[in-house]
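*Asks:* Protein sequence lines correspond, in order, to chains A and L. By our numbering, the letter at position 12 of the first sequence is numbered 283, and the numbering carries on one by one without gaps. By our numbering, the letter at position 177 of the second sequence is numbered 226, and the numbering carries on one by one without gaps. Ideal Cβ placement from N, Cα and C applies to all residues, glycine included.
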Amino acid sequence: MEQQTNQEWLIFKCGQQEYGIEILHVQELRGYEPELVTKVAKAAPHVQGLINLRGQIIPVIDLRILLSIENIEVSETTVIVILNLNERMVGLVVDSVSDVLVIEAENIQAAPKTHDMAQARSLLGLATFESRLIQLLDIANVIGEETPEVEAE
Amino acid sequence: MSIDLSEFQGAFFDEADELLHDMEQHLLGLDIDNPDPEALNAIFRAAHSIKGGAATFGTFQLLVQTTHRLENVLDEVRNNRLQVTQQAVDVFLRGKDILADQLTAYRAGSSPDAEPATEFLSHLDDMLGETGPQSSPAAAQPAQEPAPAAGSESGEKGAKRRLAVTFVGISDADHKVLLDELSMMGEITDVPGESGTFAHELLTDVDAETIKSICGFVINDDQVVIAELAQIAPAATSIAEVNAQPASQPTPAAAAPKPTEAAKAGKGKASAAKDNSTIRVATQRVDQLVNLVGEVVIDQAILIQACQELDPIKHATLLQGIEHMSSALRTLQENIMGLRMVPMEYAFGRYPRVVRETAAKLNKKIELHTSGGETELDKGLIEKLIDPLTHLIRNSLDHGIELPEVRQAKGKNPVGRIEIGAYHEGGRIVVKVSDDGAGMNREKILAKAIERGMPVSSSMSDNEVFLLVFAPGFSTADVVTDVSGRGVGMDVVRRNIQEIGGQIQISSTKDEGTTFRISLPLTLAIMDGMSIQAGKERFVMPLNHIVECLQPATEQLHSLGQSAMVLHLRGEHLPILKLATLFDIENAAQTLEQSILIVVQVGQERYALAVDQLLGQHQVVVKSLETHYERVAGVSGATILGDGSVALILDPATLFDTYQAGC
């Protein structure tokens, strides 16, 4: 994957782990109000439903389910990270957002090769920052938007 | 050239496209035996205007050349020096295609292929060659340079005018461009003028209006002043008129306008008024307006909801204001939605050509009748309808209508008839394509379907059987007529129509013909809906599908088999679909007696949808789910409710399909 130097990353927590998403994909953060999410029948379990973002109807995905995190709770810090991936918008439910970090390229290592291919595909790399270990996500891969051009026909 | 003409080029291309379209319409509508002089004039004017526009840019040499030659021939035609024949119309139509191709090439920034144009021009020369002694050699060999217009619009050939053309407040560079332009239209001489202006006298046969519009490509309208100084005797060089009109015919400088000229002036005014009454606006901007007004409608709904808790006496002014705003907003919304509406003629206009050409290829004789061209429909819908309709019409031509001999043997008129029509029906638009051909063969379709292993039974209704031809890979050619067809899937037709919220039905009688009936929503962007609730979830059901709502009595409900339920309503048994089951909703009403049943009609089918509650009627703005998400079964889109939450809009047709698929 492209490894530009000194990118900015949005850092958030799901369960006990810290994750990062390229800040360029992030459009905004919104509070999570489950009652404003409209359920969609027969959708995949991680698809929470649809919300209205200033007149746009966008899907909300529970990232914690995609990351196989158990004991999903809604707390005051639970937020929706609105992403903009090639003009397609999607909201991600995460436990809490901590900071925006500039991570130098030398502090990013390639993702270790594990037997879990899906896991490997969804990681851009591992970053260490002041003794914290942050998993940098290839978010398009995680939510199954690998080829938006094809999907959008 | 100091000015950037590219932005004018866009306007020119759009206009030229429209002019070509007009030209085609008039050509197709032409009665060969008794051509309407108005139509001939209109065809000529279209060529003339395109040439005028193209010449302005200097880079469209081929286009200018082609239109110029075409214009010359058309001029001969409209002045009755050249007989209109079927062949001539064909050549002109071919010319229109060539011009359209050239425009497309220029628009894409490339150079058009000169070969078709050369061939076309030689056809034109042939036509002029056939005119015999009437035509002078000069007319048979039109000048190569794209310069003088072959005649003014008035048709008063040879009547040259002396015009005072004054430019005010323009740059030297613009002036130079304009001078080049004017010198192409006639003789130009400089006259002294006030400082800051450029004054000229132009001796030309082009009328002031045309000059002004040509200048309009470079400068603003108010920067040019054109005054007619005098009309002088026809120039002796004028083609073919030398003998007919003695050069000595007196036309004094101050002569009173001739009657023809007065008529022309009146006509000029009328056409000017028409020009001013429309403006060209990008569809994108209209869409933006539609979206914005949709947003405001939602906000207004939020306000109204919030105001319901207020004391009506204390807040009388506020409530009145909001009420007034609501009604104004509704009008505003209707008006803005109206901007997107175009007459069906927009689509219908292109089919005479399709029919004419396909019929010629197939050696069939076919008359096309259109009706309801004035019916208005959302432009986006019409554009998506054009291809499916073309396909249906081609299909009718190819497989529906028989060869003339066969028709005669059957005792039918050897000339086949295809009708396309559009009309309103219950808040929807119905578009019909019918032919008086051989009709569809129910048995053959069924046999074919069984052969392909499709789930069919002989008890299916005719409509259901005919709809099988829309199944992917189901070639109508083998089935319906034994003529091998192009094999392009009719499934694409159905898919396209379903995508725009349309339904299609077929009725057909052997040897009497086939009718395709497409029913479409008026617009995709807004609709009247009933909001309903099941459990905690809210949905919107399109109002135009709701026949009635009722609370069922126990004796009206009957079970069929394991889980299926039917509603007995005035002698009819309707299947009952539970919304809560279809959408996996928790906490919904447990029994049907506690539910409300909505009787829904889709095409000829009816069913009852069980919901917990009816919340009320709203106008809702339809939003696509696919912009950011994906298609959801049973749902046509979503909308935003008064409290800002999202509600799914049910699609009655696919809802029933989902149910039948075993939900």
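1) Does any residue of chain A have a CB that is nearer than 8 Å to the CB of ILE625/L?
2) Would you tell me roughly how many angstroms separate the C-alpha atoms of LEU281/A and GLU293/A, rounded to the nearest one?
3) Name, going along the chain, the residues of the stretch 672-701 of chain L whose beta-carbon falls closer than 9 Å to a beta-carbon of chain A.
4) Among GLU621/L, GLU642/L, LEU618/L, ARG619/L, which one has its Cα closest to the Cα of LYS627/L?
5) Please determine, among ASP700/L, GLN132/L, LEU606/L, LEU112/L, the residue with the shortest C-alpha to C-alpha distance to ASP85/L.
6) For ILE219/L, count neighbouring Cβ atoms within 10 angstroms of its own Cβ and tell me buried if that reaches 16, exposed if not.
7) Quick one: measure Cβ to Cβ for ALA350/L and GLY691/L, integer angstroms, because I've assumed they're closer than 8 Å.
8) To the nearest angstrom, how far is it from the Cα of GLN666/L to the Cα of LEU646/L?
9) Is there contact here, the stretch 673-690 of chain L with the stretch 575-592 of chain L, by at least three beta-carbon pairs under 8 Å?
10) Taking LEU231/L as the reference, which of GLY102/L, ALA96/L, HIS617/L has the closest Cα?
11) Looking at chain L, is there any beta carbon in it that lies within less than 8 Å of the beta carbon of ALA398/A?
12) Grab the span of the alpha helix (DSSP H) containing LYS459/L for me, first residue to last.
13) Would you list the residues sitting across from SER232/L in a DSSP beta bridge?
14) Quick check: the stretch 360-375 of chain L against the stretch 336-353 of chain A, are there 3 or more CB pairs under 8 Å?
15) Are three or more beta carbon pairs between the stretch 328-335 of chain A and the stretch 357-366 of chain A nearer than 8 Å?
16) State yes or no: is the beta carbon of GLU548/L nearer than 8 Å to at least one beta carbon in chain A?
17) What do you get for MET503/L, buried or exposed, if any count of 16 or more other CB atoms within 10 angstroms of its CB means buried?
18) For VAL480/L versus LEU571/L, is the C-beta spacing smaller than 8 Å?
19) Excluding the 5 residues flanking LYS284/A on each side, which residues of the same chain have their C-beta closer than 6 Å to its C-beta?
20) Roughly how many whole angstroms lie between the Cα atoms of GLN354/L and GLN382/L?
21) Between which residues of its own chain and LEU713/L is the CB-CB distance below 6 Å, once the five residues before and five after are set aside?
22) I think ILE81/L touches GLN135/L, with their Cβ atoms under 8 Å apart; what is that distance to the nearest whole Å?
23) Less than 8 Å between CB atoms is the rule here; does VAL361/A satisfy it with respect to chain L?
24) Taking ARG722/L as the reference, which of ASP124/L, LEU516/L, SER556/L has the closest Cα?
25) Quick check on the burial criterion: 16 or more other C-beta atoms within 10 angstroms. Buried or exposed for GLU341/A?
26) Taking just the CA atoms, how far does LEU363/A sit from LEU334/A?
27) Taking Cβ-Cβ distances shorter than 8 Å, what residues in chain L pair up with GLY326/A?
28) Taking the straight line between their C-alpha atoms, what separation do you get for ALA322/L and VAL346/L?
29) Nearest to HIS677/L by CA position, among GLU306/A, ILE322/A, GLY302/A, is which residue?
30) Please report the distance separating the alpha-carbon of GLY286/A from that of LEU397/A.
31) Report yes if the C-beta distance between MET393/L and THR424/L is below 8 Å; otherwise report no.
32) Please list the partners that PRO330/A has in chain L, where partner means a Cβ-to-Cβ separation under 9 Å.
33) Could you tell me whether any Cβ in chain A is nearer than 8 Å to the Cβ of LEU704/L?
34) Assign VAL138/L to one of three DSSP states: helix, strand, or coil.
35) Roughly how many whole angstroms lie between the Cα atoms of ILE595/L and ALA629/L?
36) Between which two residues does the beta strand (DSSP E) carrying ALA602/L extend?
*Replies:* Taking the coordinates as given:
1) Along the second sequence, one-based indexing puts residue 625/L at 576. Not an interface residue.
2) One-based indexing of the first sequence puts residue 281/A at position 10. One-based indexing of the first sequence puts residue 293/A at position 22. So the two alpha carbons sit approximately 6 Å from each other.
3) LYS672, SER673, LEU674, GLU675, THR676, HIS677, TYR678, GLU679, VAL681, ALA682, GLY683, VAL684, GLY686, ALA687, THR688, ILE689, LEU690, ASP692, GLY693, SER694, VAL695, ALA696, LEU697
4) Residue 627/L sits at position 578 when you count from the first residue of the second sequence. If we check each option's Cα against that of LYS627/L, GLU642/L comes out closest.
5) As a working mapping, residue 85/L is identified with position 36 in the second sequence. For ASP85/L, the nearest C-alpha among the options comes from GLN132/L.
6) Reading the second sequence from its first residue, position 170 is the one you call residue 219/L. Result: buried.
7) As a first step, residue 350/L must be located in the second sequence, where it is residue number 301. As a first step, residue 691/L must be located in the second sequence, where it is residue number 642. Their Cβ separation, rounded to whole angstroms, is 4 Å, which keeps ALA350/L and GLY691/L in contact under 8 Å.
8) Along the second sequence, read from residue 1 onward, the residue named residue 666/L stands at position 617. Along the second sequence, read from residue 1 onward, the residue named residue 646/L stands at position 597. Those two C-alpha atoms are separated by around 16 Å.
9) yes
10) Here the question's residue 231/L lines up with position 182 in the second sequence. That would be GLY102/L, whose Cα lies nearest to the Cα of LEU231/L.
11) Here residue 398/A corresponds to residue number 127 of the first sequence, with the count starting at 1. Answer no: the Cβ-Cβ gap between ALA398/A and chain L never drops below 8 Å.
12) Counting from one through the second sequence, the residue named residue 459/L turns up at place 410. It is not in any alpha helix (DSSP H) - LYS459/L carries neither H nor E in the DSSP assignment.
13) What you label residue 232/L is simply residue 183 of the second sequence in a count that begins at 1. Answer is none; SER232/L lacks a bridge partner.
14) no
15) yes
16) Along the second sequence, one-based indexing puts residue 548/L at 499. No, GLU548/L lies away from the interface with chain A (no Cβ there is under 8 Å from its Cβ).
17) The residue given as residue 503/L occupies position 454 in the second sequence. Exposed, by the Cβ-count rule.
18) To locate residue 480/L, count along the second sequence from 1; it is residue 431. To locate residue 571/L, count along the second sequence from 1; it is residue 522. Their beta carbons are not under 8 Å apart, which means VAL480/L does not touch LEU571/L by this criterion.
19) In the first sequence, counting from the first residue as 1, residue 284/A sits at position 13. Excluding positions up to five away in sequence, the list reads ASP366, SER367.
20) Counting from one through the second sequence, the residue named residue 354/L turns up at place 305. Counting from one through the second sequence, the residue named residue 382/L turns up at place 333. Going by the C-alpha atoms only, they are around 20 Å apart.
21) Here chain L comprises residues numbered 50 to 712, so residue 713/L is not present and cannot be evaluated.
22) Taking the first residue of the second sequence as 1, we reach residue 81/L at position 32. Taking the first residue of the second sequence as 1, we reach residue 135/L at position 86. At roughly 6 Å, the Cβ-Cβ gap stays under 8 Å, so ILE81/L and GLN135/L are in contact.
23) Here residue 361/A is taken as the residue at index 90 of the first sequence, counted from 1. Yes, its Cβ sits closer than 8 Å to a Cβ of chain L.
24) As displayed, chain L neither begins before 50 nor continues past 712, which places residue 722/L out of reach and without an answer.
25) Position 70 of the first sequence holds residue 341/A. It is exposed - the Cβ of GLU341/A has fewer than 16 other Cβ atoms within 10 Å.
26) Counting from 1 along the first sequence, the entry for residue 334/A is found at position 63. Counting from 1 along the first sequence, the entry for residue 363/A is found at position 92. Using only the alpha carbons, I get a separation of about 6 Å.
27) What you label residue 326/A is simply residue 55 of the first sequence in a count that begins at 1. The answer, in chain order, is ASN340, GLY343, GLU344, ILE347, LYS672, ILE689.
28) Numbered from 1 along the second sequence, position 273 holds the residue referred to as residue 322/L. Numbered from 1 along the second sequence, position 297 holds the residue referred to as residue 346/L. For ALA322/L, the predicted structure reports a pLDDT of 42, less than 50, and the residue's modelled location is therefore unreliable. A value from the coordinates is still provided. For ALA322/L and VAL346/L, the distance between alpha carbons rounds to 35 Å.
29) Along the second sequence, read from residue 1 onward, the residue named residue 677/L stands at position 628. If we check each option's Cα against that of HIS677/L, ILE322/A comes out closest.
30) By 1-based counting over the first sequence, the position of residue 286/A is 15. By 1-based counting over the first sequence, the position of residue 397/A is 126. Using only the alpha carbons, I get a separation of about 17 Å.
31) In the second sequence, counting from the first residue as 1, residue 393/L sits at position 344. In the second sequence, counting from the first residue as 1, residue 424/L sits at position 375. The answer is yes: Cβ separation under 8 Å.
32) Along the first sequence, read from residue 1 onward, the residue named residue 330/A stands at position 59. Within chain L, the residues near PRO330/A are LEU674, HIS677, TYR678, GLU679.
33) As a working note, residue 704/L is residue 655 in the second sequence. So no, LEU704/L is outside the interface.
34) On the second sequence, residue 138/L is found 89 positions in, with the first residue counted as 1. Residue state, collapsed to three classes: helix.
35) By one-based count along the second sequence, residue 595/L stands at place 546. By one-based count along the second sequence, residue 629/L stands at place 580. Their Cα atoms are separated by approximately 18 Å.
36) The residue you call residue 602/L lines up with position 553 of the second sequence. That residue, ALA602/L, is in no beta strand (DSSP E); it is neither H nor E in DSSP.
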